[in-house]
Amino acid sequence: MTQAAEIGAVIMPPVPAFYHRPQSLDDVINQTVNRVLDQFAVTLPEDLFARWQGA
């Protein structure tokens, strides 16, 4: 992974994010898909995907 990252790859483990407090499996799936789309610079409306702003 280090070598891949050094040549520009994005390492994105398939770990669900629970900081947004998902209410269903659908919420977890949507968050993961939106993170992937974000890596491809696909901009979504904030009501579909709001970036985490920190604590």
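Counted the way full-length UniProt numbering counts, the sequence shown spans residues 1 to 55.
Built from N, CA and C at the ideal position, the CB exists for glycine as well.
Entirely within the UniProt domain "Flavoprotein" (2 to 39) and at least 3 residues each: give me those beta strand (DSSP E) ranges in chain order.
-> Fully enclosed beta strand (DSSP E) runs of 3 or longer: not present.
Cβ-Cβ separation, A17 to residue 59 (assumed contact under 8 angstroms), whole Å | Any answer about residue 59 is impossible in this case: the structure gives the chain only from 1 up to 55.
Alpha carbon to alpha carbon, how far is D27 from E46?
-> If you draw a straight line from the Cα of D27 to the Cα of E46, it is about 15 angstroms long.
E6 versus P22 - alpha carbon distance | In a straight line, the C-alpha of E6 is about 33 angstroms away from that of P22.
Residues in its own chain within less than 7 angstroms of M1 by CB, not counting five upstream and five downstream?
-> Same-chain partners within the cutoff: I11.
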